[in-house]
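Under our numbering, think of the first position of the first sequence as 1, with each following residue one higher. Yeah, the Cβ is synthetic: ideal placement off N, Cα and C, and Gly gets one too. In what follows, a structure is listed as structure tokens, so that the remarks can point back to it.
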Amino acid sequence: MKLATWNVNSLNVRLPHVLDWLAQNPVDALCLQETKQEDSKFPYAELEAAGYKAIHSGQKTYNGVAIISPHAIEEVQFDLPDFSDEQKRIIAATINGVRVINAYVVNGQAVGTEKYDYKLRWLASFYDWIKSELTAHEKLAVLGDYNIAPDDRDCYDPAGWKDKVLVSKPEREAFEYILNLGLYDSYRLHHEDAGQYSWWDYRSGGFKRNQGLRIDHILISEALKTLSEDCMIDTAPRQLERPSDHAPVVLTLSN
DNA sequence: ATGGCTTGAGTGTCAAGA
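So this is what it looks like as structure tokens:
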């Protein structure tokens, strides 16, 4: 079984990349973030023609999350249960017996801003919900754009980024607390090296110089950890014309 | 460089991303 996450930075622009990628990388579930479109614009028909079902929680211009799968998509849930929010950042479903949560975590803009405060409050509510989901679902995967680089190996310039948004101590602690609920950063189960990123700034030739951050993650419960065979970051789509600034992250499970 | 690029909105130019 393969699970993947990809922040596409506008599905309207990126649909050809997504369809090509799915054709080359058949997965059991693909979680998208930043679709940036209302449900009425979501390309259900194009995905269906490619053999995929989909669920979407979208809005105009910003945010928006989707789960795409060739299998039945069951027990669908939208939004955090205890956090009043107009922003479409959460969608979850059960696929082949695995609870799949897709999260587009708040960016936070800059430390000390209102948006940063909103990020920390959002993460606190996210923590509470993940805790309850873990008790309800033994096989749980929490995929998405976390907008947090967990440690200095995940940042191309730790000194320059010190205490900045995406790497600040409160954000890293929030990520750590979520792991401490009983989840594992699947990438780190299989790879210890630094310099492996999932996002590169469009500006300043970030990708060519490998100046990036690892902020897209697939967290898995103990029951899935025992099945985990590999987690990889696919940099191929980042090299295409008009790419998303994020690369897909793919988890392979046995069975 | 409170920068650099990309997207959506909407037709002039800004907000937001990370």
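message = The beta strand (DSSP E) that contains residue 196, what's its start and end?
response = From DSSP, residue 196 is part of no beta strand (DSSP E); its letter is neither H nor E.
task = Check whether the Cβ atoms of residue 99 and residue 63 sit closer than 7 Å, and answer yes or no.
result = no
query = Hey, how far is the Cα of residue 97 from the Cα of residue 227?
reply = 14 Å
query = Straight-line CA distance for residue 208 to residue 36?
reply = 26 Å
Contact check, residue 222 vs residue 252, beta carbons under 7 Å = no
ask   = Ordered along the chain, which non-local residues of its own chain (more than five positions away) have a Cβ less than 8 Å from that of residue 109?
value = 115, 116, 165
message = With H, G and I counted as helix, E and B as strand and the rest as coil, what does DSSP make of residue 239?
response = helix
ask   = Can residue 7 and residue 154 be called in contact, C-beta distance under 7 Å?
value = no
inquiry  = Let's test the definition: count the other Cβ atoms within 10 Å of the Cβ of residue 214 and tell me whether it reaches 16, buried, or not, exposed.
reply    = buried
message = I want to know whether the segment 186–197 touches the segment 118–128 - three or more CB-CB distances under 8 Å.
response = no
inquiry  = Under 6 Å: does the beta carbon of residue 167 sit that close to some heavy atom of the ligand MN?
reply    = The model on display carries no ligand, and the ligand MN is accordingly not part of it.
Whole-number beta carbon distance between residue 61 and residue 265, since they are thought to touch under 8 Å = Residue coverage of the chain in this structure runs from 1 to 255, which leaves residue 265 outside it and unanswerable.
key: Reference residue 103, options 156, 218, 201, closest by Cα   = 218
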